Amino acid sequence: MAAAAAEAEPATEEGTLSIYKAARRIKRRGSTLYNALRSVAEDAAFVAEIAALWPALPLVANLRCGLWYTQPRTLAATCYFKSTDGHAGNWSFSTARLNLHLALLAGERGGCIIVDSTRKGKRFPDSMSKTIPIWCSVLNRAIQRHRLRASNQAAAPNGNGEKYSGSSNWDSSVHLPVWVLDTEKNAIEGRVEEWTDRFESCGADIHSLALGLHKPLRPLWISQNTCIWLNEVPEHELWEFTPIILVSASASGAVATQRMSSEFSWHYIPGAGDDEESWARGLTPALFWKHSYDLLDGGPDLCNQLVADIVEKDRVYRAQRGERSPQITVNHLKCSGDDGPYFYEEHTIITKPMNSDPSIITPIDTPCSNNSHLVVFWIGRSNLAVSSTIQVAVDLADVDCILNCDSTSRLPSSSSENSYLEIAIVGSKNDRFSLLKNLPKAINFAQRNLIARRKILLCCQTGEDISICVALAIITRLFNDSGCFDDGDSFVKRNITKLEMRKRLVFICKYAINARPSRGNLRQVYGFLCNEKAQLCC
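The C-terminal residue of the sequence shown carries number 539 in the working numbering, and the numbering is unbroken.
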């Protein structure tokens with residue numbers, strides 16, 4: 002009897018399933034890998050249609066979701082605007098994510114198209130509704146101040162202020178979409194001056210922005226609900242501003258809808274490309290677009306196995322070349338079915354193609370199974386460079402030594418202790434003190450090689466976070482305010498503040514345009530520098 006009661010208990014629990022659990026189960030059944038990839042492909046077709054309306058404008062993906070909706074061959078650049086900087090009551094202008102390369106690209110090409118998406122049933126993510134409009138307004142206002150100062154210098158007796166071409170009526174107001182409440186708009190407008198002051202104080206190169214932008218930046222919004230008359234598409238050159246066209250790739254419906262293709266039935270998922278760790282099973286945007294026809298034509302029954310095969314082949318391919326290649330573990334679902342002190346010169350990007358013509362330069366570095374090139378960002382004249390984890394087969398003639406912050410990559414056989422250092426540094430989410438504990442080794446290695454005037458390559462898994470933070474620690478600890486190596490003499494004399502660190506991060510981001518340092522790692526760098534300063538003062 003007791004056994005019978007035990008067997009009946011799950012059935013009773015199943016029979017009294019709550020509405021919340023039932024809804025979660027239905028959603029889980031619809032959120033399959035095939036449904037996500039099919040939804041991404043359909044939304045990417047919409048993005049391609051919008052991009053074709055303004056073919057002269059470069060297509061830019063907002064990391065990371067935007068990468069899924071743009072084919073790598075059509076992508077001109079990436080940017081990084083966080084939705085959290087636009088959340089109600091939490092509005093912010095981030096000096097760690099300035100995206101100045103995007104403003105310069107828009108100025109050079111007359112505008113740009115940014116792609117992103119959201120799962121939350123809204124037409125646009127907050128990164129497009131508020132973060133990017135705030136960014137446009139702050140940059141416009143800083144450029145306006147800079148142009149005004151230059152005009153005043155030119156008007157003064159014996160003035161030699163520089164004259165800028167372009168729009169004389171420079172619009173620096175905040176342009177927000179109509180669905181943003183007036184109270185929220187007023188609150189944002191009240192803080193733009195403060196954000197502009199912070200932007201000017203962080204050492205950003207506003208002079209280059211003022212030279213590159215002839216018209217003020219202004220966002221425009223396009224979604225799948227936008228009505229566009231194809232015979233009346235305006236030419237972007239005729240606008241009195243530099244358009245930042247924000248394309249939200251997905252339909253705004255909050256509920257997945259049933260759709261049909263020529264062979265298969267599938268559920269459409271809005272914003273399917275978001276939060277890829279929860280559904281992609283190790284598949285990357287580059288891998289998806291390389292194998293998109295096979296994955297979509299294989300249907301829902303074969304999709305999971307095809308993805309597993311593609312990811313494993315890519316892992317083996319990269320492992321044979323000494324790249325980081327962890328095996329992917331899939332958790333199965335429960336139910337089936339102005340000139341700053343660091344302004345030197347234009348940033349230098351060295352691209353080393355493998356088995357191809359060295360003169361061919363690829364505009365963007367995307368991780369894929371046949372990673373045919375390596376992009377190295379040289380940080381001014383510091384003899385420091387950053388990149389993602391290098392491939393052993395790549396010949397880096399301009400690099401004398403390597404500081405590898407990705408411990409899972411293989412040690413090159415031709416390297417010695419003086420020219421190669423491997424440090425096991427993991428992200429702040431996995432270990433809050435990993436970077437802090439290993440920075441002394443990195444500083445000593447860099448100091449020894451910089452004294453010998455050797456060129457150092459700093460690399461980590463992505464080239465966007467840990468290697469950037471290590472470069473920040475080295476430049477703050479061993480370089481002076483003019484960006485020259487002084488073996489730490491100026492470090493002893495100056496105070497270490499977050500503003501000083503921010504200036505040097507902006508300097509690094511000017512050259513390493515893909516930099517995305519995490520807040521946790523930046524905290525560890527600041528803690529390390531404060532500890533170093535305290536020890537020197539004792």
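Note that CB positions come from ideal geometry on N, CA and C, so glycine has one too.
Keep in mind the model is a prediction, meaning the values are calculated, not measured.
- Annotation: the continuous beta strand (DSSP E) that includes E423 extends over Y421 to E423.
- Between I135 and V193, the C-beta gap is smaller than 9 Å, which places the two residues in contact.
- Taking the CA atoms as reference points, I380 sits about 24 Å from S429.
- V116 is bridged by DSSP to A62 and V248.
- Closest option to I444, judged by alpha-carbon separation, among A188, L459 and R433: L459.
- Per DSSP, reduced to three states, the secondary structure at Y512 is helical.
- For P244, the closest of G274, T184, I133 and G90 by C-alpha to C-alpha distance is I133.
- When DSSP states are grouped into helix, strand and coil, V377 belongs to the strand group.
- Taking each of N496, S40 and F378 in turn and checking the Cα distance to S468, the smallest one comes out for F378.
- The alpha carbon of D172 has as its nearest neighbour, out of G521, H215 and T498, the alpha carbon of H215.
- Around the C-beta of R74, fewer than 16 other C-beta atoms lie within 10 Å, and the residue is accordingly described as exposed.
- When DSSP states are grouped into helix, strand and coil, P134 belongs to the helix group.
- A273 sits away from R65, with the two beta carbons spaced by 9 Å or more.
- Check the Cα spacing between L221 and each of D482, C137, L404 and G300: the tightest is with C137.
- Minimum Cα-Cα distance from I424 among the listed residues N431, N439 and R433 corresponds to N439.
- Residue pairing of I457 in beta bridges, as defined by DSSP: L385 and C402.
- Between Y70 and V48, the C-beta gap is smaller than 9 Å, which places the two residues in contact.
- One thing to note: N515 has its Cβ within 9 Å of the Cβ of G464.
- Restricting attention to C510, G521, R455 and A447, the CA atom closest to the CA of L436 is found in G521.
- Looking at the DSSP output, H215 sits in no beta bridge, so it has no partner there.
- If you compare the alpha carbons of A57, S224 and S420 with that of G122, the shortest gap goes to S224.
- Judged by DSSP in its simplified three-state form, I223 adopts strand.
- A residue is called buried when at least 16 other Cβ atoms come within 10 angstroms of its Cβ; N91 does not meet this threshold and is exposed.
- As the crow flies, the alpha-carbon of A281 is around 60 Å from that of A156.
- The beta carbon of R433 sits closer than 7 Å to those of G521, all from its chain and outside the five residues before and after it, given in chain order.
- DSSP, read as helix, strand or coil, puts W267 in strand.
- A straight-line Cα-Cα distance of about 31 Å links I475 and H147.
- In this structure, DSSP gives A281 a state outside helix and strand, which the three-state scheme calls coil.
- C80 sits in a strand when the DSSP states are folded into three classes.
- If you ignore the 5 residues before and after L297, its C-beta comes within less than 7 Å of the C-beta of L38, R39 and A42, all in its own chain and listed in chain order.
- Ranked by Cα distance from G213, the options A107, G204 and V179 are led by A107.
- For F480, DSSP records a beta bridge to F486.
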